[in-house]
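Counting in this note's numbering, the sequence shown runs from 211 upward without gaps.
Step one of this worksheet: look at the structure below.
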Amino acid sequence: MKVVLLGPPGSGKGTVAERLLRDFKFLYVYPGGMLREEMGKKTALGKKVAQFLGKGKLVPTPIVVGLVAKKIKGKTHYLLDGFPRSMDQITLLDNPHLVEQVIFLKISEKEVIERFAGRRICSKGLHSYHLKVLLPKQVGICDHDGTKLIRRTDDTPAVIRQRFQVYRKETAEVINYYRRRKLLATVNARGTPEEVYQRVKKVIEQLK
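Okay, structure coming up:
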């Protein structure tokens, strides 16, 4: 199965993806995590990425496409988390054999802002938690890699609004594109993580 998981910041993509990986054994392709890994290493690429993310802007297409292309080359069972986000990025995936299902997590800007107020991520930027609905087993520590949980520097209302508006503007055409190709399944992202996941899981199971 070749699945694309889309949704605005705060829609719960990361949490849903973790469950899908466990239940369906996908190769996980998460450009956001790959970019943050570069930031953590403080490479030249990482410094450029930090400038864009700090302003709530999308990272340039050539950077993202290059990382994704390398990751999925020759693979047949993967989950693309948050990619593609623009029509330019679709050029990499514009092949009927590369995408079987696109799942869009739909949520309002207001609810996204409320969610970000309680979001925490592990220091590696790969796992997300929430102070109200998704707590780690040990306070302040990631269940998966044992790193300290932190609040992202760009999790502020102003930056969140900017990110949401940029996402909506850039991805509207992408969503319509996949809808026209009859590959899109829109899933309500409101509710608990478990409720949202079960909605997504139902879509995936229909692909078997």
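We put the beta carbon where it would ideally sit given N, CA and C, even for glycine.
All figures in this text were calculated on a predicted structure; none of them were measured in a lab.
Would you please state the rounded distance, in angstroms, between the beta carbons of residue i and residue j? I believe it to be under 8 Å.
{"i": "His340", "j": "Cys352", "result": "Going by Cβ atoms, the distance from His340 to Cys352 rounds to 13 Å, so no, they are not a contact pair."}
{"i": "Asp298", "j": "Thr271", "result": "4 Å"}
{"i": "Val384", "j": "Pro219", "result": "In fact, because the Cβ distance is near 15 Å, the residues do not count as touching under 8 Å."}
{"i": "Lys342", "j": "Gly356", "result": "Between Gly356 and Lys342 the Cβ distance is about 23 Å, and since that is not below 8 Å, they are no contact."}
{"i": "Val406", "j": "Gly256", "result": "Not confirmed; about 31 Å, so no contact."}
{"i": "Phe326", "j": "Pro241", "result": "Actually they do not touch by this definition, with Cβ atoms about 20 Å apart."}
{"i": "Gly350", "j": "Arg246", "result": "About 19 Å separates the two Cβ atoms, so there is no contact after all."}
DSSP on residue i, reduced to helix/strand/coil?
{"i": "Thr402", "result": "coil"}
{"i": "Tyr388", "result": "helix"}
{"i": "Leu417", "result": "coil"}
{"i": "Leu216", "result": "strand"}
{"i": "Lys411", "result": "helix"}
{"i": "Thr225", "result": "helix"}
{"i": "Thr396", "result": "strand"}
{"i": "Leu308", "result": "coil"}
Provide the residue span of the alpha helix (DSSP H) that contains residue i, from first to last.
{"i": "Ala349", "result": "Note that residue 349 corresponds to Val in the displayed sequence, not to Ala. It is not in any alpha helix (DSSP H) - Val349 carries neither H nor E in the DSSP assignment."}
So the beta strand (DSSP E) residue i belongs to, where does it begin and stop?
{"i": "Leu237", "result": "Leu237 to Val239"}
### Query
Of all the beta strand (DSSP E) runs that stay within the bounds of the segment 251-293, which reach a length of 3 or more residues?
As far as the segment 251-293 is concerned, its whole beta strand (DSSP E) runs of at least 3 residues are 288-291.
### Query
Does the pairing of the segment 371-387 with the segment 276-290 give three or more beta-carbon distances under 8 Å?
Contact fails: fewer than three Cβ-Cβ distances are below 8 Å.
### Task
Ignoring anything shorter than 3 residues or poking outside the segment 310-347, list the beta strand (DSSP E) runs there in chain order.
Segments of the beta strand (DSSP E) lying fully in the segment 310-347: 311-316, 329-332 and 338-340.
#### Entry: Inter-stretch contact at 8 Å, needing at least 3 Cβ pairs: the segment 360-367 / the segment 258-268
Contact holds: three or more Cβ-Cβ distances are below 8 Å.
### Task
Tell me, please, whether the segment 212-231 touches the segment 375-392 by the rule of three or more beta-carbon pairs shorter than 8 Å.
Contact between the segment 212-231 and the segment 375-392 is present: 3 or more CB-CB pairs across the two stretches fall below 8 Å.
### Query
Does the segment 310-317 touch the segment 388-407, meaning 3 or more C-beta pairs lie closer than 8 Å?
With a cut-off of 8 Å, the segment 310-317 and the segment 388-407 count as touching, because enough Cβ pairs lie within range.
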